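In the numbering used here, the protein residues as written are 190 to 775.
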C-alpha cells in the first residue's frame, strides 16, 4: 500500500455513485494501463464519463476486489486533442450533445471547441442541426458543470476533503463558496458530519480572525454541545464562559459579551435557576419545556382510558392476581399497582431485588383483564427483550415504538398518538431528555404512562436525567419499593448494591456472584481485567467472554481506560491472524 500517489486518466465508466455522499466506484483508463481499466473509489461529485481526471490519493488492496486507487481529491483536465475533445463532449457530460453532435461540433471548431462553448456559446448555431434553443440548453448545462467544479476546487483549496466538500455542495449548491467565505461556522450547525473543529479549520483557511464574534458564538454553542455529550442539558453561565475560554483561547470578557449577544439574538436560551443564569441550546430548552407541559397535561386530562379502575374492588383484584401468579403482592407493590392504574402518569422505582418486574407484570395482567391496550417499551433492545420475558407480552425499544427516522422525526407524535391505553417504559433511568420528550408527546390524551426504573443505575448516555427529575417533581405520583425479597437477598450483587447506596462497604465473604479484586496500579488493573474476562469467568461460570461479558471502565484514557482495555481484550480474545483482513471502528 502506497500513500500520496497521483493518477491521471480518462473516466470510462461509473459503476456506483451515492447521491448523498458522492462516494463513487469507477473505472479509469490511463496511458500505462492500455485496455485494462483501473478501479478508483472515493468522492467524485461532478466527475463525468469521458472526462480526463487528475487524481490525488493512494493505492490500496481490497481483500475481495484487489488493487484500487482511493481518491482523496481530483481536478478535471480538459482534453487538448481533436479525438479527446470529441470523446469528452460525446460522453453525455453536456445535456443536448451526443456522440454524433459532438463530432459535428468538433469538425466545425476543431481544437477551439471548448473555448467556444465556454466564452462564445452563441456561435454553436453555426453547426448544422444546432438551433438557438438547443444552443442555450448546451450553454446552461456547461455552466452547471463548471459551477460544481469551481466549488469543489475552491473547497479543496481551503483544506476541505472531497467527502466533506460533497456535503457542503449538497447543502448550499452554487452558494457554497459564498457561505464558506463569509459564514464558515454555519457548516457546524447545518451540514451533517461537520463539527466546530472542522468549521474552525476552514474558517482559519479563509481568513476569519481568531477573535471574531462569529467564531466565539460558534464556540459557545460547541461548548454547550460538548456538555450535552456529558449529560448536561444546560451550563451555568460562569461555567460556560470558563469552558469556552479554554477551548477558544480568547479573553473571558469577549466570550461574555458574545454570550450576551447570543442570548439577545435567541441563538441560545437563558433561564435563571437558583439565582444563577443557566444557558441552554435551543433543542434542549424546547424539549425540557415541552416535556414538563405535556406530562402535566397528561396527568390532569379529564378523560381516563382506564377509568374502570376508579371503582374496582382491589381486594378482589389482588386475590385474582395471587391465584394467577401463586405469589402475594407486598404492601408497597399493591400501592404501586393501584397507582399505575388510577393515575395517568406515575413512577415506579426501587433498587435491585425489590420486585419491580413482578409489580409491572401484575399491572399489565390487570390492565389486560379489563381489555386495555398495553404497550411495553424500553430504551434498549436488551432491556425490551428482558421486559417481554418478564411480562409474557411483546415489548419493543422506544425508537421502534415511535418509528423514529434518522433525522429525528417520529411517525407517532402529538398529532398521531400511539393506540395504547397504558404505556409502560422500563429502565427509564436510560431515557434522555430528547427521547423522553418524543415519547411523552406520543401518548394519547387519557392514556396512562408508567415509568419504571432504578434511579441509582447508570444514567442516560444523552443529556438529561429524566427519571431523577421525575422523582424530584412533587406533582408526579410515585412509589419507591424498598423491601428486598428473599431470593434476591441471596444475591451478592443485590445485597452490595443496596449497601453501597446506603453508604456502607460491600460484603465479600460468602458471596457466589460478587467478587472484588484489589489492585492499585493501572497496568496491574488492566492485566487483572484481561485475566478475569478471558480466563477466570469462562472457567468458573462457563460463559463465553465475547458474547456474555461486558467491561465497564470509568475513563477513556490511561493504561486502565476503555481504549487500552479494548486493545488488550481484543488481543486476548480475538487476536489478529495472518491473511485475515481486519476493519477498525472508532
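Every residue gets a Cβ at the ideal spot worked out from N, C-alpha and C, and that includes glycine.
Since we're looking at a predicted model, the values are computed, not measured.
From this set, 366, 370, 457, 356, which residue's C-alpha is nearest residue 158's C-alpha?
Outside the displayed range of the chain (190 to 775) lies residue 158, so it cannot be described from this structure.
For residue 602 versus residue 494, is the C-beta spacing smaller than 8 Å?
Stepping through the chain shown from its first residue, residue 602 is reached at position 413. Stepping through the chain shown from its first residue, residue 494 is reached at position 305. Contact: no.
Select from 287, 639, 326, 654 the residue whose C-alpha is nearest the C-alpha of residue 418.
Along the chain shown, one-based indexing puts residue 418 at 229. Comparing Cα positions, the closest option is 654.
With a 10 Å radius around its C-beta and 16 neighbouring C-beta atoms as the bar for buried, classify residue 385 as buried or exposed.
The count along the chain shown starts at 1 and reaches residue 385 at position 196. Its Cβ being crowded by 16 or more others within 10 Å, residue 385 is buried.
Secondary structure of residue 398, DSSP reduced to three states:
Reading the chain shown from its first residue, position 209 is the one you call residue 398. DSSP places residue 398 in the coil class of the three-state scheme, outside both helix and strand.
At a cut of 8 Å, does the segment 506–518 reach the segment 546–557 through at least three beta carbon pairs?
yes
List in chain order: all unbroken alpha helix (DSSP H) runs of 4+ residues lying wholly within the segment 320–389.
321–346, 351–361, 365–371, 375–379
Nearest residue (CA-CA) to residue 525, options 252, 739, 639:
Position 336 of the chain shown, counting from 1, holds the residue named residue 525. Checking every option, the nearest Cα to that of residue 525 belongs to 639.
Can we say the segment 335–355 touches the segment 317–327, given the rule of at least three CB pairs closer than 8 Å?
no
Where the beta strand (DSSP E) containing residue 257 begins and where it ends:
On the chain shown, residue 257 is found 68 positions in, with the first residue counted as 1. Segment 255–266, the beta strand (DSSP E) holding residue 257.
Express the C-alpha separation of residue 362 and residue 732 in angstroms, rounding to a whole number.
If you number the chain shown from 1, residue 732 lands on position 543. If you number the chain shown from 1, residue 362 lands on position 173. C-alpha separation (whole angstroms): 55 Å.
Rounded to whole angstroms, how far is the Cβ of residue 622 from the Cβ of residue 536, which I believe are closer than 8 Å?
On the chain shown, position 433 is the one that residue 622 refers to. On the chain shown, position 347 is the one that residue 536 refers to. Actually they do not touch by this definition, with Cβ atoms about 16 Å apart.
For chain C, check one thing: does any of its Cβ atoms lie closer than 8 Å to the Cβ of residue 448?
Absent here is chain C; the protein component of the structure consists of one chain.
Measure how close the beta-carbons of residue 642 and residue 628 come, nearest whole angstrom, since I'm counting them as under 8 Å.
If you number the chain shown from 1, residue 642 lands on position 453. If you number the chain shown from 1, residue 628 lands on position 439. Not really, about 13 Å apart at Cβ, beyond 8 Å.
Using the Cα positions of residue 534 and residue 633, report the straight-line distance between them to the nearest angstrom.
Start at 1 with the first residue of the chain shown, and residue 534 comes out as number 345. Start at 1 with the first residue of the chain shown, and residue 633 comes out as number 444. Computed Cα separation, rounded: 12 Å.
For residue 396, which residues of its own chain have a beta-carbon under 7 Å away from its beta-carbon, when the five flanking residues on both sides are left out?
Taking the chain shown and counting its residues from 1, the one referred to as residue 396 is at position 207. Non-local beta-carbon contacts of residue 396 in its own chain, meaning distances under 7 Å to residues more than five positions away in sequence, are absent.
To the nearest whole angstrom, what separates the beta carbons of residue 468 and residue 423, a pair I think is in contact under 8 Å?
Here residue 468 corresponds to residue number 279 of the chain shown, with the count starting at 1. Here residue 423 corresponds to residue number 234 of the chain shown, with the count starting at 1. Sure, about 6 Å apart at Cβ, within 8 Å.
At the level of alpha carbons, what is the spacing between residue 338 and residue 294?
Counting from 1 along the chain shown, the entry for residue 338 is found at position 149. Counting from 1 along the chain shown, the entry for residue 294 is found at position 105. Computed Cα separation, rounded: 23 Å.
Cα-Cα separation between residue 235 and residue 596, rounded to whole angstroms
The count along the chain shown starts at 1 and reaches residue 235 at position 46. The count along the chain shown starts at 1 and reaches residue 596 at position 407. Looking at the two C-alpha atoms, the distance is approximately 26 Å.
Could you name the residues of the same chain whose beta carbon sits closer than 8 Å to that of residue 708, not counting the 5 residues immediately before and after it, in chain order?
Residue mapping note: residue 708 aligns to position 519 of the chain shown, counting from 1. Taking residue 708 as the centre and dropping the five residues before and after it, the same chain places the C-beta of 714, 717 closer than 8 Å to its C-beta, in chain order.
Around the Cβ of residue 498, are there at least 16 other Cβ atoms within 10 angstroms (buried) or fewer (exposed)?
Within the chain shown, numbered from 1, the residue matching residue 498 stands at position 309. Classification for residue 498: buried.
Three-way DSSP call (helix, strand, coil) for residue 421 in this model
Taking the first residue of the chain shown as 1, we reach residue 421 at position 232. DSSP places residue 421 in coil when its eight states are reduced to three.
Identify the continuous alpha helix (DSSP H) that holds residue 683 and give its terminal residues.
The residue you call residue 683 lines up with position 494 of the chain shown. For residue 683, the enclosing alpha helix (DSSP H) has its first and last residue at 681–690.
Segments assigned alpha helix (DSSP H), at least 4 residues, entirely inside the segment 621–677:
622–630, 655–661
Expressed to the nearest angstrom, what Euclidean distance is found between the alpha-carbon atoms of residue 746 and residue 756?
The count along the chain shown starts at 1 and reaches residue 746 at position 557. The count along the chain shown starts at 1 and reaches residue 756 at position 567. So the alpha carbons of these two residues sit roughly 12 Å apart.
Nearest-angstrom Cα distance between residue 477 and residue 590?
As a working mapping, residue 477 is identified with position 288 in the chain shown. As a working mapping, residue 590 is identified with position 401 in the chain shown. Looking at the two C-alpha atoms, the distance is approximately 21 Å.
Continuous beta strand (DSSP E) assignments of at least 3 residues falling wholly in the segment 200–250:
212–218, 227–232
As assigned by DSSP and simplified to three states, the class of residue 283:
Within the chain shown, numbered from 1, the residue matching residue 283 stands at position 94. Reduced to three states, the DSSP call for residue 283 is coil.
Take every Cβ of the segment 245–253, pair it with every Cβ of the segment 213–227, and state whether three or more of those distances are shorter than 8 Å.
In short, these stretches do not touch, since the Cβ pair count stays below three.
Within a Cβ cutoff of 7 Å, which residues of the same chain sit near residue 207, ignoring the five residues on either side of it in sequence?
Translated into the one-based positions of the chain shown, residue 207 becomes position 18. Nothing listed; no residue qualifies.
Beta strand (DSSP E) runs contained entirely in the segment 519–597, provided each spans 3 or more residues:
534–539, 563–567, 584–586
What's the C-alpha gap between residue 780 and residue 703?
There is simply no residue 780 to check, as the chain begins at 190 and stops at 775 in what is shown.
Is residue 462 helix, strand or coil when you go by DSSP?
Position 273 of the chain shown, counted from the first residue, corresponds to residue 462. DSSP places residue 462 in strand when its eight states are reduced to three.
Contact check, residue 260 vs residue 230 under 8 Å by CB: the rounded distance?
The residue you call residue 260 lines up with position 71 of the chain shown. The residue you call residue 230 lines up with position 41 of the chain shown. Yes, residue 260 and residue 230 are in contact; Cβ-Cβ is about 7 Å, under 8 Å.
Taking just the CA atoms, how far does residue 748 sit from residue 739?
Mapped onto the chain shown, residue 739 falls at position 550. Mapped onto the chain shown, residue 748 falls at position 559. Taking the straight line joining both Cα atoms gives about 18 Å.
Can you tell which of 750, 685, 193 has its C-alpha closest to the C-alpha of residue 710?
Counting from 1 along the chain shown, the entry for residue 710 is found at position 521. Minimum Cα distance to residue 710 is reached at 750.
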